[in-house]
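Heads up, the thing below is written out as structure tokens.
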Amino acid sequence: MKKFRKVLDGLTTSSPGGTMGSPSCGSAAGTPTAAPTPKEIDVQETLVSENFQLCKTVRHGFPYQPTSLAFDPVQKILAIGSRSGGVRILGRPGVDCYCQHESGAAVLQLQFLINEGALVTACADDTLHLWNLRQRRPAVLHSLKFNRERITFCHLPFQSKWLYVGTERGNTHIVNIESFILSGYVIMWNKAIELSTKTHPGPVVHLSDSPKDEGKLLIGFEGGTIVQWDLRAKKADFRIYYDEAIHSVSWHHEGKQFMCSHSDGSLTLWNLRNTTKPFQLTFPHGKIQKDGRKESCKPILKVEYKTTRSSEPFVIFSGGLSYDKAGRRPALTIMHGKAITVLEMDYPIVEFMVLCETPYNNEVQDPYAVVVLLEKDLIVVDLTQSNFPVFENPYPMDVHESPVTCTAYFADCPPDIIPILYSIGAKNKKTGYSHKEWPIAGGTWTLGSHTYPEIIITGHADGSIKFWDASAFTLQMLYKLKTSKVFEKPKPGEGRAVELGEEDPFAVQMVSWCPHSRIFCVVGISAHIILYRFSKYDANTQIVSLEVRLQCEPEDIITPSENENNPCFSEPGSHSPQPHHQYPVSPGSRTPDSARDNIPCLKVKDKMVRVPPGYQSDLVIQLLWVDGEPPQQITSLDLNSAYGLLAFGNCNGLAVVDYLQKTVILCISTLDLYGATDPYQRLSRSPRRNRQSTSEHCMRGLSNFYSDSKKRIRTSYQSLTELTDNQQSIDMERSKSPTSVHYPTSLHNDPRILPEPVASLRASHCSPVFYLLDNESRENSFSRSRSSSVSSIDRDTKEAITTLQFGESYGRKSDVLPTPCLWVGTSLGVVILIPLSIPTDHEERMEDPVTVGPSGAVQMLKGSMLRFGFLDCNGALIQSPYEVWRDLNAPEDPDRPRRRKLVHFSPSSSQDAFGEGHLAIVCSERQAKVFLMPSQSCLFVHNITESSFVLRADVVSLCNSVCLACFCANGHVMTLSLPSLRPLMDVNYLPLTDMRIARTFCFTNEGQALYLSSPTEIQRITYSQEMCDNLQEMLGELFTPIETPEAQNRGFLKGFFGGNAHTFDREELFGEAAAGKASRSLAQHIPGQGGVEGMKVAASGAVGELARARIALDERGQRLGELEERTALMMTSAETFSKHAHELMLKCKDKKWYQF
30 MKKFRKVLDG LTTSSPGGTM GSPSCGSAAG TPTAAPTPKE IDVQETLVSE NFQLCKTVRH
90 GFPYQPTSLA FDPVQKILAI GSRSGGVRIL GRPGVDCYCQ HESGAAVLQL QFLINEGALV
150 TACADDTLHL WNLRQRRPAV LHSLKFNRER ITFCHLPFQS KWLYVGTERG NTHIVNIESF
210 ILSGYVIMWN KAIELSTKTH PGPVVHLSDS PKDEGKLLIG FEGGTIVQWD LRAKKADFRI
270 YYDEAIHSVS WHHEGKQFMC SHSDGSLTLW NLRNTTKPFQ LTFPHGKIQK DGRKESCKPI
330 LKVEYKTTRS SEPFVIFSGG LSYDKAGRRP ALTIMHGKAI TVLEMDYPIV EFMVLCETPY
390 NNEVQDPYAV VVLLEKDLIV VDLTQSNFPV FENPYPMDVH ESPVTCTAYF ADCPPDIIPI
450 LYSIGAKNKK TGYSHKEWPI AGGTWTLGSH TYPEIIITGH ADGSIKFWDA SAFTLQMLYK
510 LKTSKVFEKP KPGEGRAVEL GEEDPFAVQM VSWCPHSRIF CVVGISAHII LYRFSKYDAN
570 TQIVSLEVRL QCEPEDIITP SENENNPCFS EPGSHSPQPH HQYPVSPGSR TPDSARDNIP
630 CLKVKDKMVR VPPGYQSDLV IQLLWVDGEP PQQITSLDLN SAYGLLAFGN CNGLAVVDYL
690 QKTVILCIST LDLYGATDPY QRLSRSPRRN RQSTSEHCMR GLSNFYSDSK KRIRTSYQSL
750 TELTDNQQSI DMERSKSPTS VHYPTSLHND PRILPEPVAS LRASHCSPVF YLLDNESREN
810 SFSRSRSSSV SSIDRDTKEA ITTLQFGESY GRKSDVLPTP CLWVGTSLGV VILIPLSIPT
870 DHEERMEDPV TVGPSGAVQM LKGSMLRFGF LDCNGALIQS PYEVWRDLNA PEDPDRPRRR
930 KLVHFSPSSS QDAFGEGHLA IVCSERQAKV FLMPSQSCLF VHNITESSFV LRADVVSLCN
990 SVCLACFCAN GHVMTLSLPS LRPLMDVNYL PLTDMRIART FCFTNEGQAL YLSSPTEIQR
1050 ITYSQEMCDN LQEMLGELFT PIETPEAQNR GFLKGFFGGN AHTFDREELF GEAAAGKASR
1110 SLAQHIPGQG GVEGMKVAAS GAVGELARAR IALDERGQRL GELEERTALM MTSAETFSKH
1170 AHELMLKCKD KKWYQF
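The opening position of the sequence shown corresponds to residue 30 in this note's numbering, with each subsequent residue numbered one higher.
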């Protein structure tokens, strides 16, 4: 704990650009302030660097670019591999684990060690990894890197420690799972096929042991060759040569038949008694044409042949549809007896897997579900019902239903908000799901002790908003809101719709939410704002619309002023507050010669609409076209329910709206905000040059990502879904295999969507939300570093409003009591304070106008402004005042009239005297400062970064204290103490920040943050040491001690005539004593860190170990009991044998040898 004391004498002691912690105070004239100020500020800072640690917590959403699938039928957990090297392991709701291979290579195949708590992954860099799942955070135990051959297929028999590995050369190697060392036993391709064969059979695409005899291995080659290899005799039992390429093979459980899928859309059934030709050949989707030929079909990529006790077997396969029908969706076909059901999918099928009751391949399978992994979804089909319904997915796999364009994160919300949102959203849930429980129910998860209500809000490209319950490291959708319902559908080809991106005119740009008043505000790409109120009742409403003309006429050229590095404080006391009607509001005149003047981008519904319970639109604000030029995108927004005000700005100016009276009280250009205190000298341009430049500036939007031939605006969500997806390069030769998963070529090859460097977020006239620079100015602005010097600011740029904050503060130095104020931050690092005069009485507030005073203090920082925050003089965070929620649609109660109930957090509420003021935290891209209000003295200043710039900054509460959290473009996450701005943590978290992360990164209280790690996934992180310490407790347990089900009794005859499957000893064949050592150059063993991590987890998870020990003791006791029974039987048998032998001896005692 460190105590900071600061004596304030009102004199300038050093420049604002000093180092962190240096006192830097002063006023515009350098004279003492007139307002009473405390002589000493005593702030006890409790946060130290030991309170901070950065780590990932959990990842939500659908795995991006999935490649493979695996299921443990005993543990009932599912694993999904992805193209970027990630592995998601899913169990019951709450059990969701993400692992990442360090190499980042695509995961080709997954194999569970069934009921062993381990997973084998085969990656595109020809490396095998063994993951330990007996810890909450899985880690790699062993790795095996193949140097000379490429892995194409793996197979691990149940309860075996020997893994079969097929390669591209057609060879089959065997790996010991325990030691992860290669066996000397190798099945070479030239020995597997006949010597007379002249062609190479191709890569190995299938490996499986015979259900009838584990000593027989079935090898499928891509070229159409199938070989059953006798592992004991080291020779082939039979060879099948088929004309069509093979994609997959599936056994009948008796081991007498197997089925193959082929590239011509056919299925072949082979009987081991006669392997010269297929026992059955079918084209499930190939119809006979008029000329008698079969129509050509697509390849069947995978087939599964599963038997049941009570009915006909299931044949389930993907692909095989005919080519002639264009536009047919991908399908999964289920053949059950004579019935054929085709399930059409929304996305291409990557992989599917049939879930069966037994893990043994030589028993009746009895399938009960099929898991289908699509490119952008995961579905599970119920096979026990004739109509094959799907299970309701408990995981948040639809985050990307429409591309995510913005995020917001709220921790420690009011406890009643989640149940209310859930009850409203539950009424709109889809129906028709299977009534059975979700079959992937493995693992254990309990609600941790460190939980509190958390909500994540995502905005989407189609204008929809989703509220998610994010409490306790889970994610469940609560409520969905469609903002597009407020507007008429834009007609294709309509002039203004075309230029404004007719594909997604409702895309959400930013959101603002007050959980206490339940007022919600949405900013859209078409320069529109929608304000929503929450109600538990439906209503008939007329949507109120306001149109605002926010377009400055003369363009401003910024030139350096003489005192560019000095803070400017103004006291325009001679100006009186101006009423709202003196500011220009949008005129409604429209003339034929200016068809695109004074019109909005979208048309609001003008008729009465019935709105359901939930969030209901209360006000729509739209910016207007001016002289044929569209409105600029909105770059900043803030609302305050206690004041009843909403403020927004863009690169043209600022507007403040009274949403209670539905009026515009301020609409002003950025230049006019300064009045006589403008720190820059601006020169006007000629009107013609101005018109040409603004027409290109305004409409380009994100066109810096596209070629100049594209003239229509594009929303920034494209940078989230298409740019810098960190595509992993998979050798294109490998995708030639018909069994490989095909991917489109890398997006980096398309010159239209080449990503700009992250420095493009530093457009000096707009916030990092949307980018409004054309190619010429972008090249100019990004080629030099930005600083507070005005000479480095582009002469073609405009000053944008980048951040806004309502709060109780002191508009002028002479103020004694705090009043409502609006803090305004611009892209040039200027802070402007605007005092507001708001009627306090309820009736007066609804009738009298809100007046806006002249601009107060003007401060300057380096870089574009990002965030404001307020502390009292004891260092406690001052919350913004708010209005307590009231349902405007509720029935009237005459005894309790509906009046506004306001909650204020005045800076002086915790002080003994009114004149002590408060602290204002001001953060820009480069710098943070702490000012004492109302004296406007700068107490502390800290230069956050010199080589990069801050993308996101928030004042957050943590451990009953507050700090400033920052995320930089170079991937660093930093925290600074408040108010002293001491660096507490600086972690190089992300090596490279792309546009998606930059757009979606956000901090919240209690040491949490999130960002969109891929177009389909949300990554949550924590920077709190306390949460990192409790992470093991809060995460789900993947492995649960379960006794392996016993194999069915095969019976005497089956055991006698069915071969010696149970006497097969792999150790005897594949061990070093029999097979020798493999060549060292063939594969390299790499030890992993999982063993060390496992020891740590074992030390902390004593309860789990005790449970495992108890089960082990029970199993041992059961085995001892069985042993005792068997011993008793053997003793009885021995006594019987002895008795019979004695009788026989007595009988033959006196006989001679010749009498026998």
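Don't be surprised by glycine CBs; every beta carbon is placed ideally from N, CA and C.
None of these values were measured; they are calculated from a predicted model.
Residue of the options minimising C-alpha distance to residue i
| i | options | result |
| --- | --- | --- |
| valine 540 | Asp533, His557, Pro534 | His557 |
| isoleucine 1071 | Leu1005, Leu865, Thr473 | Thr473 |
| tyrosine 644 | Asp667, Leu507, Tyr193 | Leu507 |
| isoleucine 867 | Tyr672, Pro418, Lys327, Gln651 | Tyr672 |
| leucine 652 | Ser1162, Gln138, Cys696 | Cys696 |
| proline 443 | Val400, Ser500, Leu330 | Ser500 |
| threonine 855 | Glu517, Ile830, Lys306 | Ile830 |
| cysteine 128 | Ala221, Val149, Ser292 | Val149 |
| isoleucine 861 | Gly885, Arg874, Pro849 | Gly885 |
Residue i to residue j span [Cα, whole Å]
| i | j | result |
| --- | --- | --- |
| aspartate 266 | valine 256 | 7 Å |
| aspartate 870 | proline 878 | 12 Å |
| proline 1116 | asparagine 1017 | 27 Å |
| leucine 402 | isoleucine 378 | 6 Å |
| glutamine 188 | aspartate 101 | 12 Å |
| leucine 689 | serine 953 | 32 Å |
| asparagine 176 | alanine 1038 | 41 Å |
| aspartate 983 | cysteine 1031 | 8 Å |
| threonine 503 | serine 113 | 23 Å |
| aspartate 375 | tryptophan 654 | 39 Å |
| histidine 276 | cysteine 992 | 58 Å |
| alanine 1196 | tryptophan 280 | The question about residue 1196 has no answer here: the residues shown for the chain are numbered 30 through 1185. |
| arginine 927 | arginine 915 | 8 Å |
| glycine 120 | valine 409 | 13 Å |
| leucine 1175 | glutamate 1101 | 54 Å |
Interface flag, residue i vs chain C, CB-CB below 8 Å
| i | result |
| --- | --- |
| lysine 331 | Annotation note: the requested chain C is absent from the structure, which comprises a single protein chain. |
DSSP bridge partner residues for residue i (one or two, in chain order)
| i | result |
| --- | --- |
| glutamine 1037 | Thr1033, Thr1051 |
| cysteine 630 | DSSP output for cysteine 630 lists no bridge partner at all. |
| arginine 896 | Cys952 |
| tyrosine 269 | Note that residue 269 is isoleucine in the sequence shown here, rather than tyrosine. DSSP, once it has assigned bridges, lists Ile255 as partnering isoleucine 269. |
Element boundaries [alpha helix (DSSP H), containing residue i]
| i | result |
| --- | --- |
| glycine 454 | 446 to 455 |
| arginine 338 | No alpha helix (DSSP H) holds arginine 338; DSSP gives it neither H nor E. |
| methionine 217 | Segment: none, methionine 217 is in no alpha helix (DSSP H) and carries neither H nor E. |
| alanine 1102 | 1101 to 1104 |
| threonine 699 | 699 to 703 |
| leucine 1060 | 1060 to 1063 |
Residue i, enclosing beta strand (DSSP E) - first and last residue
| i | result |
| --- | --- |
| histidine 489 | 483 to 489 |
| threonine 362 | 360 to 365 |
| methionine 374 | First-last for methionine 374: undefined, no H or E at that position. |
| leucine 142 | 136 to 142 |
| arginine 1109 | Here arginine 1109 belongs to no beta strand (DSSP E), and DSSP marks it neither H nor E. |
| glutamine 286 | 286 to 291 |
| arginine 6 | Since the first and last residues shown for the chain are 30 and 1185, residue 6 lies out of range. |
Please confirm if the segment 945 to 965 is in contact with the segment 1001 to 1015, defined as three or more CB-CB distances below 8 Å between the two stretches.
Three or more beta-carbon pairs separated by less than 8 Å link the segment 945 to 965 to the segment 1001 to 1015, which places the two stretches in contact.
Check whether the segment 542 to 559 touches the segment 482 to 500, taking contact to mean three or more Cβ pairs, one atom from each stretch, closer than 8 Å.
A contact exists between the segment 542 to 559 and the segment 482 to 500.
Touching or not, the segment 497 to 514 and the segment 151 to 159, by the rule of three or more beta carbon pairs under 8 Å?
As far as the Cβ criterion goes, the segment 497 to 514 does not touch the segment 151 to 159, which means the pair count is below three.
Given 8 Å as the limit, is there contact between the segment 368 to 388 and the segment 213 to 233, that is, 3 or more CB pairs closer than that?
These segments do not touch.
Okay, do the segment 636 to 656 and the segment 554 to 573 touch, 3+ Cβ pairs below 8 Å being the bar?
The answer is yes - the segment 554 to 573 touches the segment 636 to 656, with three or more Cβ pairs under 8 Å.
Evaluate the contact criterion for the segment 1052 to 1060 versus the segment 144 to 155: three or more CB pairs, one atom per stretch, below 8 Å.
No, they do not touch.
Contact between the segment 959 to 972 and the segment 836 to 848 is defined here as three or more beta-carbon pairs at a separation below 8 Å; is this criterion met?
In short, these stretches touch, since the Cβ pair count reaches three.
Examine the Cβ distances between the segment 341 to 360 and the segment 311 to 319 and report whether three or more of them are shorter than 8 Å.
Taking one beta carbon from each stretch, the segment 341 to 360 and the segment 311 to 319 have 3 or more pairs nearer than 8 Å; the two touch.
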